[in-house]
Amino acid sequence: MIAYLERVSIPEPNHNEEDDDVLILRNGLDDLQLQGTIEFCSSTVSVAGRDFGGMHFAKPLAVVKPAGAEDIAKVIKLASRSPNLTVSARGNGHSINGQAMAHNGLIIDMKSIDNAVNVSYTTSGGYADVGGGALWADVLKRCVSLGLAPRSWTDYLDLTVGGTLSNAGVSGQAFRYGPQSENVTELEVVTGNGEIVTCSKYQNSQLFFSVLGGLGQFGIITRARVLLQPCPQMVRWIRVVYGDFSEFTRDAEFLVTREEGESFDYVEGFVFVNSDDPVNGWPSIQLDPNHPFDPVHIPSSAGPVLYCLEVVLHYRGNDHFSSVDEVVDGLLGQLRYCNKMRFQVDLSYVDFLSRVKVAEKQAKANGIWDAPHPWLNLFVSKRDIADFDRLVFNNILKHGIGGPILVYPLLRSKWDSRTSVVLPEGGDSFYLVALLRFSPPYPKGPPVEDLIAQNREILECCTRNGLDFKLYLPHYNSKQEWKQHFGNQWSRFKERKACFDPMAILAPGQKIFPRNH
Ligand code: FAD
1 MIAYLERVSI PEPNHNEEDD DVLILRNGLD DLQLQGTIEF CSSTVSVAGR
51 DFGGMHFAKP LAVVKPAGAE DIAKVIKLAS RSPNLTVSAR GNGHSINGQA
101 MAHNGLIIDM KSIDNAVNVS YTTSGGYADV GGGALWADVL KRCVSLGLAP
151 RSWTDYLDLT VGGTLSNAGV SGQAFRYGPQ SENVTELEVV TGNGEIVTCS
201 KYQNSQLFFS VLGGLGQFGI ITRARVLLQP CPQMVRWIRV VYGDFSEFTR
251 DAEFLVTREE GESFDYVEGF VFVNSDDPVN GWPSIQLDPN HPFDPVHIPS
301 SAGPVLYCLE VVLHYRGNDH FSSVDEVVDG LLGQLRYCNK MRFQVDLSYV
351 DFLSRVKVAE KQAKANGIWD APHPWLNLFV SKRDIADFDR LVFNNILKHG
401 IGGPILVYPL LRSKWDSRTS VVLPEGGDSF YLVALLRFSP PYPKGPPVED
451 LIAQNREILE CCTRNGLDFK LYLPHYNSKQ EWKQHFGNQW SRFKERKACF
501 DPMAILAPGQ KIFPRNH
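Have a look at this one:
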């Protein structure tokens with residue numbers, strides 16, 4: 001190990017330093033006697049240098065496939081003894097902007113640890129102890145077999161538990177239960193100091209809150225205790241359409257502020273183009289092929305975009321349709337959507353949660369799953385969402401983005417301010433806005449630079465007009481921008497870093513802190 005440090009800090013002339021680093025690192029890692037494996041082979045390393053965004057590439061020196069937390073701790077300690085080595089956990093690599101990459105560093109492949117899902121339960125619920133590299137899809141499969149399910153989800157389930165907890169993890173259940181980061185009661189974390197620590201709200205609480213929404217900066221989550229509820233069996237999945245944004249937001253906010261039992265179980269919404277465009281327009285709304293979108297019912301006052309409120313009601317397999325109809329009609333009867341603009345299907349809870357997997361198959365067949373994805377995710381305060389609609393949805397994005405535009409409200413009270421997640425500054429609620437671009441690669445689709453420029457235009461427009469917003473799944477290149485992002489939470493975030501990863505070994509792909517000696 002000492003040899004490693006000396007060789008790296010005093011490079012020999014006329015040598016390929018990178019090859020030297022790999023050779024010496026190979027010896028250093030061999031000395032660790034990991035239970036897992038280490039891969040230097042170019043195809044594995046090359047995969048770990050890419051992500052779902054498809055716009056960044058950062059080649060690591062090696063990919064470590066650890067057996068568990070002990071292996072990860074050894075690798076972090078090894079890095080701490082070198083002057084410049086960094087370590088990044090890679091979940092499923094579904095980041096957009098290189099957040100899970102480590103240029104010339106080590107990638108920890110979290111999918112290789114023991115990701116078994118161990119469930120403890122009573123009739124009213126329970127919890128699952130889950131590896132940090134487990135996919136949410138696998139957590140669902142295991143829990144459903146026992147009649148249970150996590151309470152809070154993401155729309156897409158091939159994401160890892162550690163990857164979403166490091167951001168927040170939001171979907172249409174978050175208005176009731178908070179994001180996924182509010183639905184775990186205990187974590188096992190390997191800190192940037194190489195210590196394996198169990199933490200919760202009551203034990204090592206500073207680490208617990210730091211890591212949730214912590215962008216991988218403070219530790220690597222190797223296990224999470226996920227809260228469960230009895231698994232719903234069936235869902236009625238409904239979409240209703242609005243021409244007027246203020247009526248859409250009024251109804252969405254009405255639904256998310258009602259008590260459990262007096263509202264739907266899932267509330268999301270999106271914006272779509274008021275045209276017959278197959279990707280961005282009316283056809284994107286229909287749920288049942290036998291019930292197409294009929295534009296005759298669009299109000300004449302509607303503008304270039306329309307709005308869709310998407311809701312779900314859970315029910316039991318043996319409930320009569322008539323009783324489901326009664327509850328649904330009672331709730332929808334209080335909303336102001338356009339007459340005859342209601343679409344619905346009934347399906348199993350698991351099929352509903354797996355809905356994006358179906359879209360993934362189609363997108364893979366069309367070549368748009370593996371194309372670049374310049375996505376933009378924002379939290380916009382409720383105060384400013386009408387301005388955002390006017391300036392962005394109805395202007396910059398009036399022709400759509402070649403994929404879904406999500407917009408739905410979330411309640412600040414469901415987000416613990418002690419976590420590292422950053423929310424807009426004011427108000428009791430805010431909107432998630434997600435621009436999920438799925439364009440074919442250039443030249444079939446627009447050049448990716450144009451889409452990135454459009455994202456920049458949106459952010460500049462929000463700033464120029466004084467809108468209260470924050471990036472979700474943030475991405476910045478300079479410390480100044482990160483400071484601005486964190487606002488008055490910056491000093492807390494920095495103190496947390498100094499405490500749990502003082503040498504800034506972890507998650508270099510976030511580009512927040514440079515590696516310290
Ligand atoms: P990675 O991309 O591998 O890692 C993300 C960051 O977390 C990196 O900095 C990495 O170093 C760190 N990290 C990874 N694992 C760990 C760990 N165990 N401990 C500590 N740090 C770790 N998000 C939502 O909230 N809601 C959605 O509905 C949603 N839908 C999505 C749909 C698709 C198709 C895609 C591509 C993304 C979606 N996302 C959604 C975003 C997603 O939650 C984040 O990109 C998430 O980080 C991806 O998880 P991952 O396991 O691939 O993480």
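Here full-length UniProt numbering is used: the first residue of the sequence shown is 1, the next is one more, and so on. We put the CB at the ideal spot given by N, CA and C, even for glycine.
C-beta atoms of residue i and residue j nearer than 8 Å
i      : j      : result
Lys382 : Ser429 : yes
Leu331 : Val240 : no
Pro424 : Val380 : yes
Asp384 : Leu309 : no
Val311 : Val345 : no
Val161 : Gly194 : no
Asp138 : Val117 : yes
Glu39  : Val75  : no
Arg90  : Asp71  : no
Gly213 : Phe500 : no
Exposure label - residue i; buried when at least 16 CB within 10 Å
i           : result
His373      : buried
Asp114      : exposed
Cys41       : exposed
Thr249      : buried
Lys390      : Here residue 390 turns out to be Arg, not Lys, going by the sequence shown. Burial call: exposed.
Gly509      : buried
Lys497      : buried
Asn92       : buried
residue 544 : No statement about residue 544 is possible, as the shown extent of the chain runs from 1 to 517 and does not include it.
Asn97       : buried
Asn516      : exposed
Arg316      : exposed
Leu23       : exposed
Proximity winner among the options, relative to residue i (alpha-carbon distances)
i           : options                          : result
Leu436      : Cys462, Ile368 and Trp482        : Ile368
Phe175      : Ser413, Ile505 and Tyr442        : Ser413
Val119      : Arg223, Pro295 and His517        : Arg223
residue 518 : Leu411, Pro83 and Ser284         : Within the shown structure, residues of the chain are numbered from 1 to 517, placing residue 518 beyond reach of any answer.
Phe513      : Lys479, Ala48, Asp251 and Gly487 : Lys479
Ala128      : Leu78, Leu148 and Thr160         : Leu148
Leu306      : Leu34, Val324, Gln229 and Ile405 : Ile405
Met55       : Leu378, Ser95 and Phe245         : Ser95
Ala302      : Val271, Asn318 and Ser82         : Val271
Cys338      : Ser300, Ser417 and Asp416        : Ser300
Phe388      : Leu353, Ser246 and Arg515        : Ser246
Asn377      : Phe208, Thr86 and Asn455         : Asn455
Val211      : Ser181, Ile238 and His291        : Ser181
Trp136      : Asn366, Leu228 and Pro83         : Leu228
For residue i, the first and last residue of its enclosing beta strand (DSSP E)
i           : result
Ala224      : Gly219 to Pro230
residue 592 : Lying outside 1 to 517, the shown extent of the chain, residue 592 is not represented and no answer is given.
residue 523 : An answer regarding residue 523 cannot be provided, because it is not within the stretch 1 to 517 covered by the chain.
Gly168      : Residue 168 is actually Ala in this sequence, not Gly. From DSSP, Ala168 is part of no beta strand (DSSP E); its letter is neither H nor E.
His314      : Val305 to Tyr315
Thr37       : Thr37 to Glu39
Gly237      : In the sequence on display, residue 237 carries Trp and not Gly. Per DSSP, Trp237 belongs to the beta strand (DSSP E) from Met234 to Tyr242.
Asn377      : Leu376 to Ser381
Leu88       : Residue identity check: residue 88 is Ser in the sequence provided, not Leu. Taken as a continuous stretch (DSSP letters only), the beta strand (DSSP E) holding Ser88 covers Val87 to Arg90.
Leu471      : Phe469 to Leu471
Element boundaries [alpha helix (DSSP H), containing residue i]
i      : result
Leu331 : Phe321 to Leu332
Arg50  : Where Arg50 is concerned, there is no enclosing alpha helix (DSSP H), given that its DSSP letter is neither H nor E.
Phe209 : Ser205 to Val211
Val144 : Trp136 to Val144
Ala498 : Trp490 to Phe500
Ala386 : Ile385 to Phe388
Phe254 : Phe245 to Val256
Gln344 : Per DSSP, Gln344 belongs to no alpha helix (DSSP H); it is in the beta strand (DSSP E), Arg342 to Ser348.
Proximity test, residue i beta-carbon vs the ligand FAD heavy atom, cut-off 7 Å
i      : result
Thr154 : yes
Arg50  : no
Gln510 : yes
His55  : Here residue 55 turns out to be Met, not His, going by the sequence shown. False, no ligand heavy atom lies under 7 Å from that Cβ.
Ala89  : yes
Met341 : no
Gly403 : no
Ile76  : no
Ala69  : no
Ser95  : yes
Ser323 : no
Leu423 : no
Gln99  : yes
Ser171 : yes
Ile221 : yes
Cβ-heavy atom distance, residue i to the ligand SAH, below 7 Å
i      : result
Thr164 : Looking at this structure, you won't find the ligand SAH anywhere; what it does contain is the ligand FAD.
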